[in-house]
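Numbering (full-length UniProt numbering), first residue to last: 1 to 605. Ideal Cβ placement from N, Cα and C applies to all residues, glycine included. Here's the structure we're looking at; comments come further down.
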Amino acid sequence: MRNVGFIIDVAFAVSGLSFLKSHVMYYQGIKKTIVLRPVPKQQGYGTDMHPLLTRIFAARGVLTAAELDRSLAKLPSPWLLSGMENMVAHLITALQTQQRIVIVADFDADGATSCAVAMQGLRLLGAGQVAFIVPNRFEYGYGLTPEIVELVKQQQPDVLITVDNGISSIEGVDAAKAAGIIVLVTDHHLPGTHLPAADAIVNPNLPDDTFPSKAIAGVGVMFYVLMALRSRLRELGWFTERQLPEPNLAQLLDYVALGTVADVVAMDAVNRTLVYQGLQRIRIGRGHPGIQALIKVAGKNPLALNPSDLGFALGPRLNAAGRMDDMSLGIQCLLTDSDKLATDIAMQLDDLNNDRRDIESQMKFEAQALLADMKKLDEHRAPAGVCLYDANWHQGVIGILAARIKDQLHRPVIAFAPAGKDLIKGSARSIAGVHIRDVLSDIAAAHPKMLSKFGGHAMAAGLTLAMHDYPAFALVFDEYVRKRLNHVDLEQKVYSDGELTEQDITLELAELLQNAATWGQGFPEPMFHGEFDVVQARIVGQRHLKLVLRCAQGHLLIDAIAFFIDQPEQWLGIRRIVAAYKLDINEFRGQRSVQFILNYLEKLA
Numbered sequence: 001m002r003n004v005g006f007i008i009d010v011a012f013a014v015s016g017l018s019f020l021k022s023h024v025m026y027y028q029g030i031k032k033t034i035v036l037r038p039v040p041k042q043q044g045y046g047t048d049m050h051p052l053l054t055r056i057f058a059a060r061g062v063l064t065a066a067e068l069d070r071s072l073a074k075l076p077s078p079w080l081l082s083g084m085e086n087m088v089a090h091l092i093t094a095l096q097t098q099q100r101i102v103i104v105a106d107f108d109a110d111g112a113t114s115c116a117v118a119m120q121g122l123r124l125l126g127a128g129q130v131a132f133i134v135p136n137r138f139e140y141g142y143g144l145t146p147e148i149v150e151l152v153k154q155q156q157p158d159v160l161i162t163v164d165n166g167i168s169s170i171e172g173v174d175a176a177k178a179a180g181i182i183v184l185v186t187d188h189h190l191p192g193t194h195l196p197a198a199d200a201i202v203n204p205n206l207p208d209d210t211f212p213s214k215a216i217a218g219v220g221v222m223f224y225v226l227m228a229l230r231s232r233l234r235e236l237g238w239f240t241e242r243q244l245p246e247p248n249l250a251q252l253l254d255y256v257a258l259g260t261v262a263d264v265v266a267m268d269a270v271n272r273t274l275v276y277q278g279l280q281r282i283r284i285g286r287g288h289p290g291i292q293a294l295i296k297v298a299g300k301n302p303l304a305l306n307p308s309d310l311g312f313a314l315g316p317r318l319n320a321a322g323r324m325d326d327m328s329l330g331i332q333c334l335l336t337d338s339d340k341l342a343t344d345i346a347m348q349l350d351d352l353n354n355d356r357r358d359i360e361s362q363m364k365f366e367a368q369a370l371l372a373d374m375k376k377l378d379e380h381r382a383p384a385g386v387c388l389y390d391a392n393w394h395q396g397v398i399g400i401l402a403a404r405i406k407d408q409l410h411r412p413v414i415a416f417a418p419a420g421k422d423l424i425k426g427s428a429r430s431i432a433g434v435h436i437r438d439v440l441s442d443i444a445a446a447h448p449k450m451l452s453k454f455g456g457h458a459m460a461a462g463l464t465l466a467m468h469d470y471p472a473f474a475l476v477f478d479e480y481v482r483k484r485l486n487h488v489d490l491e492q493k494v495y496s497d498g499e500l501t502e503q504d505i506t507l508e509l510a511e512l513l514q515n516a517a518t519w520g521q522g523f524p525e526p527m528f529h530g531e532f533d534v535v536q537a538r539i540v541g542q543r544h545l546k547l548v549l550r551c552a553q554g555h556l557l558i559d560a561i562a563f564f565i566d567q568p569e570q571w572l573g574i575r576r577i578v579a580a581y582k583l584d585i586n587e588f589r590g591q592r593s594v595q596f597i598l599n600y601l602e603k604l605a
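Okay, structure coming up:
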């Protein structure tokens, strides 16, 4: 039987070669390979660590046990962030004179949690008048624009603080300052050539910034601002003079954990600590009512909540407010002290998320039709950078669509939707090797009238352009992506931490791996691979495949599941597979057992 391979959730057929130690496949001219993660020389772990863990950590660049310390005391000082002294000075003046403060937030999960951290943190530190505004995605678009400043002015603030936005808001900052408002920018997005003329800016990605983490999300930046502010207030005797209890800012870490994971930033040492500490608070029942309500409607166990639950269960429900309606609803869920109100809003968010799923499914179907001609092209003729547009697509869902198609094609993708006034908005997602914001910056420099605005990161960006410029932009985008790509970038690799023996596959090892670290983007959960006999296979739902596997050289039977497989019926009757998998713990009727979550499958017989 001819081997046929599949990457989970990929729509196109894949023809494969026979299984080797370095296993190579081809899909639409794009090479896919199972490769072992390189493991540098290990050192500094001591003798107490499981040898498999030492290999896994070394492969992720961690060479000493000290680097795995997730205590808050090990976090770097907030004063390492450039601009922090100036930021704190303005905030102390605002507190001392009880100035009116308005927070301007982004409309995604990072922006919502940043807003919650800012609102609650400033109140805990003694601010009396704090309000927020979050732009409606469909009416105002992203960031601090002059139009948003007009809304802010209605609240007559003395101070405006941006969270998770503002670094590109040159016109908006100018408008606010012209109105006599002090503007404080907290952001983590990459700055452009020119910075806004804000009164203070804190952003770890400023060119002269020496903060050791460039990956903290907007919510992490705001949390660090509060830590610095509390430290300076303590020095000034603020709490003792006013007989105020000094607040424990750790109570905000459930927000920080959710926003950090949902924004898919790299899980470096700082983010691993912030997320771990936030999860610990949730697990012991100290999460805010809104967080607890989101956990409940998602059907997750708060006692065993993990980063994956934050990213794939809570994050999408919170994001649904900004994608489908207005993120004010999501922020209200986070801020309320009422369990009942939190539950009511969380149920609304769950409904919005279900609507989002339906729209996403239809958009994915329509995108496949747009890609039909591309499927027929070989690697050299197919576009390196893909642009997709449909007049009926939903602005709030194009980012998810771009991510799905990017994963499918393994090349940068921008999905566009109408934005009114003959404009279209795009959401871009990229692959390793192509810094998508730099691509857009190069295009803007070469074609200064083509992009109305843009901004973002290495792997994700947003942009706006005129509808009549779309055909030309699609060609230019492909051209500039092609300049940055090489054949190695287009190789899809499935990275494995090796093969496990039958004796290794235990509930104890699954628990050890689950609790050993805070896994996430840039610090991936351990993945293993091997050959298995298929004892049983059945379809669950519409696109999930439930398997019972047996180790090829043993007798152990293992439950396994693969999610979102196209044409899952093709796997029924298959006798042997190659699989890349993660060890997972299945809980059913009080019983816990080890199972595989399959990320990659290939038929062998």
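*Under 8 Å between C-beta atoms of C387 and F312*: Residue mapping note: residue 387 aligns to position 387 of the sequence shown, counting from 1. Residue mapping note: residue 312 aligns to position 312 of the sequence shown, counting from 1. No, Cβ-Cβ distance for C387 and F312 is not below 8 Å.
*For M119, I'd like the list of residues in its chain whose CB is within less than 7 Å of its CB, leaving aside the five on either flank, ordered along the chain.*
Position 119 of the sequence shown, counted from the first residue, corresponds to residue 119. Counting only Cβ-Cβ distances below 7 Å, and skipping sequence neighbours, we find I103, V130, F132, L335.
_So, at 6 Å on beta carbons, what are the nonlocal neighbours of G126 in its own chain, with the 5 sequence-adjacent residues on each side left out?_
Within the sequence shown, numbered from 1, the residue matching residue 126 stands at position 126. Only residues of its own chain outside the window of five on either side were considered, and among them L95 have a CB closer than 6 Å to the CB of G126, listed in chain order.
*Is the CB-CB distance between I148 and P135 below 8 Å?*
Mapped onto the sequence shown, residue 148 falls at position 148. Mapped onto the sequence shown, residue 135 falls at position 135. Yes, Cβ-Cβ distance for I148 and P135 is below 8 Å.
_Start-to-end residues for the alpha helix (DSSP H) that takes in P471_ = Against the sequence shown, residue 471 aligns to sequence position 471. 470–484 is the span of the alpha helix (DSSP H), which, as asked, contains P471.
*Take P78 and list the residues in its own chain whose beta-carbon comes closer than 8 Å to its own, dropping the five residues that flank it on each side.*
Here the question's residue 78 lines up with position 78 in the sequence shown. Excluding residues within five positions, the ones whose Cβ falls inside 8 Å are M84, Y224, V225, M227, A228, S231.
*Under 8 Å, do D199 and I167 count as touching if we go by C-beta distance?*
Residue mapping note: residue 199 aligns to position 199 of the sequence shown, counting from 1. Residue mapping note: residue 167 aligns to position 167 of the sequence shown, counting from 1. No; because the gap between Cβ atoms is not below 8 Å, this pair is not in contact.
_Neighbour-count burial assignment, N248, 16 or more Cβ in a 10 Å radius_ = Here residue 248 refers to the residue found at position 248 of the sequence shown. When all chains shown are included, N248 counts as exposed.
*Nearest-angstrom Cα distance between L258 and E479?*
Numbered from its first residue, the sequence shown carries residue 258 at position 258. Numbered from its first residue, the sequence shown carries residue 479 at position 479. Computed Cα separation, rounded: 37 Å.
_Range covered by the beta strand (DSSP E) that runs through G455_ = Counted from its first residue, the sequence shown places residue 455 at position 455. Counting along the chain, the beta strand (DSSP E) containing G455 begins and ends at 451–456.
*Contact between the stretch 139–148 and the stretch 168–187: three or more CB pairs below 8 Å?*
The stretch 139–148 vs the stretch 168–187: in contact.
*Report back the beta-carbon spacing between V413 and R429 to the nearest angstrom; my notes put them in contact at under 8 Å.*
The sequence position of residue 413 within the sequence shown is 413, counting from 1. The sequence position of residue 429 within the sequence shown is 429, counting from 1. About 6 Å; that satisfies the 8 Å criterion.
*With a CB to CB cut of under 6 Å and the five nearest residues on each side skipped, what residues in its chain are close to A460?*
Position 460 of the sequence shown, counting from 1, holds the residue named residue 460. Closer than 6 Å at Cβ, skipping near neighbours: R429.
*Rounded Cβ spacing between K300 and D309 (contact assumed at less than 8 Å)*: Against the sequence shown, residue 300 aligns to sequence position 300. Against the sequence shown, residue 309 aligns to sequence position 309. Yes, they are in contact, since the Cβ atoms of K300 and D309 sit about 5 Å apart, within 8 Å.
*Taking L303 as the reference, which of M324, G278, D325 has the closest Cα?*
Working through the sequence shown from its first residue, we reach residue 303 at position 303. Minimum Cα-Cα distance from L303 among the listed residues M324, G278, D325 corresponds to G278.
*asked:* I'd like the list of long-range same chain contacts for A510, defined as Cβ closer than 8 Å, with 5 residues on each side in sequence excluded.
replied: The sequence position of residue 510 within the sequence shown is 510, counting from 1. Once the five neighbours on either side are set aside, the close Cβ partners of A510 are L583, D584, I585, V594.
*Assign P418 to one of three DSSP states: helix, strand, or coil.*
For the purposes of this step, residue 418 is taken as the residue at position 418 of the sequence shown. DSSP places P418 in strand when its eight states are reduced to three.
*Cα-Cα, which of F239, I34, D326 is closest to G111?*
On the sequence shown, residue 111 is found 111 positions in, with the first residue counted as 1. Nearest C-alpha to G111: D326.
*Taking R429 as part of the beta strand (DSSP E), name the residues at either end of that continuous run.*
If you number the sequence shown from 1, residue 429 lands on position 429. Counting along the chain, the beta strand (DSSP E) containing R429 begins and ends at 423–429.
*From the DSSP output, in three-state form, read off S496 for me.*
Along the sequence shown, read from residue 1 onward, the residue named residue 496 stands at position 496. Strand, per DSSP.
*Can you have a look at L572 and say buried or exposed, based on whether 16 or more other CB atoms are within 10 angstroms of its CB?*
Counted from its first residue, the sequence shown places residue 572 at position 572. Classified as exposed, L572 has fewer than 16 neighbouring CB atoms from the shown chains inside 10 Å of its CB.
*Residues in its own chain within less than 6 Å of D268 by CB, not counting five upstream and five downstream?*
Here residue 268 refers to the residue found at position 268 of the sequence shown. These residues qualify, in order along the chain: S213, A215.
*What residues in its chain sit with their C-beta under 6 Å from that of A516, if we drop five residues either side in the sequence?*
Looking up residue 516 in the sequence shown gives position 516. Contacts found: L53.
*Buried or exposed: which applies to I284, given that a residue is buried once 16 or more other Cβ atoms fall within 10 Å of its Cβ?*
Walking along the sequence shown from the start, residue 284 turns up at place 284. Counting every other CB atom within 10 Å of its CB across the protein chains shown gives I284 a total below 16, marking it as exposed.
*DSSP on E366, reduced to helix/strand/coil?*
Taking the first residue of the sequence shown as 1, we reach residue 366 at position 366. Correct three-state label for E366: helix.
*Excluding sequence positions up to five away, which residues of its chain have a Cβ less than 6 Å from the Cβ of A419?*
As a first step, residue 419 must be located in the sequence shown, where it is residue number 419. Within the same chain, A419 has close Cβ partners K425.
*Host alpha helix (DSSP H) of E235 (start-end)*: Stepping through the sequence shown from its first residue, residue 235 is reached at position 235. Per DSSP, the unbroken alpha helix (DSSP H) holding E235 starts and ends at 218–235.
*Closest by CA to D407, which one among S427, I431, N392?*
Counted from its first residue, the sequence shown places residue 407 at position 407. Closest by alpha carbon: I431.
*Ignore the nearest five residues each way along the sequence and tell me which others in A320's own chain have a CB closer than 7 Å to its CB.*
On the sequence shown, position 320 is the one that residue 320 refers to. The answer, listed in chain order, is L349, L352, N353, R356.
*Starting from the Cα of R411, find the closest Cα among F473, Q492, V163 and give me that residue.*
For this step, residue 411 is matched to residue 411 along the sequence shown. It is Q492 whose Cα lies nearest to the Cα of R411.
_Selection from G462, L236, A293, E139 that minimises the alpha carbon distance to I398_ = Against the sequence shown, residue 398 aligns to sequence position 398. Checking every option, the nearest Cα to that of I398 belongs to G462.
*Assigned exposure category for P471 - 16 Cβ within 10 Å defines buried*: Translated into positions along the sequence shown, residue 471 becomes position 471. P471 comes out exposed.
_For E241 and Q521, what's the separation of their Cα atoms in angstroms?_
Numbered from 1 along the sequence shown, position 241 holds the residue referred to as residue 241. Numbered from 1 along the sequence shown, position 521 holds the residue referred to as residue 521. Cα-Cα distance, rounded: 44 Å.
*Which first and last residues belong to the alpha helix (DSSP H) in which H90 is found?*
What you label residue 90 is simply residue 90 of the sequence shown in a count that begins at 1. Unbroken alpha helix (DSSP H) run through H90: 84–96.
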